[in-house]
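Oh and the sequence shown: position 85 is 85 in full-length UniProt numbering, straight run, nothing missing.
Written out below as structure tokens is the structure these notes cover.
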Amino acid sequence: MDRKELYNFAIAQEQRSQRLYQGLARSFGEPETNAFFTELVGLEKEHELKLRSAFSQEFPGEEPEPETQEIKEIPSVDLKDPAQLLQFAITREEEAAKNYYSFAEQTEPVDIKELLLHLAKEEEQHKTLLLTEMQRILGALEWFDPSELDGFMDF
């Protein structure tokens with residue numbers, strides 16, 4: 001994959017993630033969850049802008065041409081199951097991080113390599129956010145009865 005193809009692939013990957021999170025934001029009725037996915041859309045847009053900026057620096061006067069990628073995995077996901085949807089999104093973040101690490105290994109310019117490694121780490125952070133959201137939605141973070149803590153802070 002040459003440098004332009006790498007940029008185009010990465011930008012398309014970010015656009016695909018934006019579409020996924022926009023869809024998830026619309027599908028979850030709870031305002032807090034909607035806001036969570038809307039925030040992820042913004043983070044993925046920031047990634048796209050960073051990649052477009054790097055492309056412009058490396059190829060002045062040219063525009064990237066990301067190819068539209070179809071989501072082929074989605075048919076196996078039960079669209080009514082929040083856990084499956086979130087697991088799908090987690091898998092996508094893992095794939096994105098893996099791709100950025102792979103691209104960084106193939107890249108010689110230090111500044112571009114650093115950008116790709118930074119994006120890989122941010123995708124890993126997105127995965128962590130999604131895992132936390134899945135635990136919240138599934139109730140795993142509420143492992144105690146909060147009413148039992150009544151008076152806990154009264155020393």
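Glycine is no exception: its CB is placed at the ideal position from the N, C-alpha and C atoms.
Ranking Ile137, Tyr100, Glu48 by CA distance to the CA of His118 puts Tyr100 first. Around the CB of Phe36, 16 or more other CB atoms lie within 10 Å, so the residue is classed as buried. DSSP, reduced to helix, strand and coil, places Glu44 within a helical segment of the structure shown. With a beta-carbon spacing of about 7 Å, Phe103 and Ala10 fall inside the 8 Å limit used to define contacts. By alpha-carbon distance to Ala96, the top candidate from Pro31, Phe28, Gly29, Glu44 is Glu44. For the set Leu6, Leu130, Arg136, the Cα lying nearest the Cα of Glu65 is the one of Leu6. Taking all protein chains shown into account, Ala83 has fewer than 16 neighbouring C-beta atoms within 10 Å of its C-beta and is therefore exposed.
Residues of the same chain with a CB within less than 7 Å of the CB of Leu115, apart from the 5 flanking positions on each side, are Lys50, Ala54 in chain order. For Val110, the uninterrupted alpha helix (DSSP H) segment begins and ends at 110-138. Ranked by Cα distance from Thr91, the options Glu30, Leu20, Ala12, Glu108 are led by Leu20.
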